[in-house]
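S.K.: Residue numbers (my numbering): 12 to 396. Heads up, the beta-carbon is just placed ideally off N, CA and C, and yes, glycines get one too.
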Ligand SMILES: *Cc1c(COP(=O)(O)O)cnc(C)c1O
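#1: Considering only the beta carbon of each residue, do residue 77 and residue 91 sit closer than 8 Å?
#2: May I have the straight-line CA-CA distance separating residue 131 from residue 156, to the nearest angstrom?
#3: Which whole runs of the beta strand (DSSP E) in the segment 40–94 are 3 residues long or more, in chain order?
#4: Assess contact between the segment 148–162 and the segment 227–247, defined as three or more Cβ pairs (one per stretch) separated by less than 8 Å. Is contact present?
#5: Cβ of residue 332 within 7 Å of any heavy atom in ligand 3?
#6: Is it the case that the Cβ atoms of residue 137 and residue 79 are separated by a distance below 8 Å?
#7: Looking at the strands, I want to know which residues DSSP matches up with residue 176.
#8: From residue 111 to residue 135, what does the alpha carbon distance come to, in whole angstroms?
#9: In three-state DSSP terms, what is residue 134?
#10: Hey, residue 369 and residue 183: beta-carbon distance below 8 Å or not?
#11: At a cut-off of 7 Å, is residue 193 close to ligand 1 when judged by its beta-carbon and the heavy atoms of the ligand?
#12: Buried or exposed for residue 362, going by 16 or more other Cβ atoms inside 10 Å?
#13: Check whether the Cβ of residue 243 lies closer than 7 Å to any heavy atom of ligand 1, and answer yes or no.
#14: Do residue 89 and residue 139 have their CB atoms nearer than 8 Å?
#15: Please state whether DSSP places residue 199 in a helix, a strand or coil.
#16: Go ahead and label residue 339 buried or exposed: buried means 16 or more other beta carbons lie within 10 angstroms of its beta carbon, across all protein chains shown.
#17: Going by DSSP, what residues sit across from residue 301 in a beta bridge?
#18: Between 149, 203 and 229, which has its C-alpha nearest residue 119's C-alpha?
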């Protein structure tokens, strides 16, 4: 199990300078939102071509605010993918709107844009695509669809920090873009996120939603007004300081992840019957390296045999429409066959920038025996059935 050389499926890379800088913030007397948050926002904005950026305590909060900014509420529909972290669909329900799922493209495992048009109704207000594993959704097609149907786009780019579409960094283009700095994401602030906005007016409204709707009267120190029931989504300077320590490594982290992906592809035993991800070194940030196990394999057996070999494997994600919450909305098995197969068979193999080449070889070596046991368990199961 968790031996000293256990290889987790992911692990943040925080350098000593960042650890020291966090200590300075803690000693400074100002630990919540302040100068570090403003600096973090400024550096993010520079990365995203000068677009306004507001830091958040989570990407979930950023998406809730994005929906509020787009005036999405009861009676509205938002189209999204069934294969994502459940935050993607939860935020729509929390806004009082309906999350409408569309199946995935089995090649990209992202929302199948060819199926979106058929799901659009007079109530549809927005598209909420997800760049699963850091592989960007086709932005040209996405925005062509959105403009043809006059829809807002809220990009759930939680996983695609540092990825690009056609050479333009995710976040630098588009409508509202939400990015996560959760501990497992490519750039982290422990917890945190940001929203990329269209203009300063929208950014000011975003600030109101971020913190209790409270605004100062002009430049006066005296008096304030509250214009809307905002939430509590501000980032701390402690977290922003961690994020600032990560940004200089973004290009190197992304490059290293790409190298590790290449090694997986080069070493992978193709006779095992697994389905590998789309091989896109130009655009993906390789947030995760996910393979689909053969249908005959029992995934829990595979995961526990890998753990026995000292290797952590994740599941990202079971198809959301099969969760109780969404079944209550009328969804059920058979609705989205590609999403369901991905949800049943996907495993995330170790992928993080501090991994050594030899770690990939270790994963590859462990996979054969683990998969054979998982398939044997499946054979027993199907004989019993
Ligand atoms: C991580 C993640 C989120 C949520 O981000 P938080 O910062 O944890 O709120 C949303 N969507 C996707 C696709 C994610 O991977």
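M.R.: To lay it out plainly:
#1: Taking the chain shown and counting its residues from 1, the one referred to as residue 77 is at position 66. Taking the chain shown and counting its residues from 1, the one referred to as residue 91 is at position 80. No. Outside cutoff.
#2: Sequence index remark: in the chain shown, residue 131 carries index 120 (1-based). Sequence index remark: in the chain shown, residue 156 carries index 145 (1-based). Cα-Cα distance, rounded: 10 Å.
#3: Look at the segment 40–94 and you find these whole runs of beta strand (DSSP E), each 3 residues long or longer: 64–67 and 88–91.
#4: Touching, no.
#5: Absence of ligand 3 is noted for the structure shown, with ligand 1 being the only ligands found.
#6: Position 126 of the chain shown holds residue 137. Position 68 of the chain shown holds residue 79. Against a cut-off of 8 Å, the Cβ pair of residue 79 and residue 137 comes out as no contact.
#7: Taking the first residue of the chain shown as 1, we reach residue 176 at position 165. Residue 176 pairs with 179.
#8: In the chain shown, counting from the first residue as 1, residue 111 sits at position 100. In the chain shown, counting from the first residue as 1, residue 135 sits at position 124. Rounded to the nearest angstrom, the two C-alpha atoms are 9 Å apart.
#9: Counting from one through the chain shown, the residue named residue 134 turns up at place 123. The answer is coil: DSSP assigns residue 134 none of H, G, I, E or B.
#10: By 1-based counting over the chain shown, the position of residue 369 is 358. By 1-based counting over the chain shown, the position of residue 183 is 172. Inclusion of residue 369 and residue 183 in the CB contact set at 8 Å is not warranted, their separation being larger than that value.
#11: Against the chain shown, residue 193 aligns to sequence position 182. Under cutoff, so the answer is yes.
#12: Numbered from its first residue, the chain shown carries residue 362 at position 351. By the 10 Å Cβ count, residue 362 comes out buried.
#13: Position 232 of the chain shown, counted from the first residue, corresponds to residue 243. It does not: the Cβ of residue 243 is nowhere closer than 7 Å to a heavy atom of ligand 1.
#14: Taking the first residue of the chain shown as position 1, residue 89 is located at position 78. Taking the first residue of the chain shown as position 1, residue 139 is located at position 128. Yes. Within cutoff.
#15: Your numbering for residue 199 matches position 188 in the chain shown. Coil, per DSSP.
#16: In the chain shown, residue 339 corresponds to position 328, counting from 1. Residue 339 comes out exposed.
#17: For the purposes of this step, residue 301 is taken as the residue at position 290 of the chain shown. Paired residue(s): 359.
#18: If you number the chain shown from 1, residue 119 lands on position 108. Nearest of 149, 203 and 229 to residue 119, Cα basis: 149.
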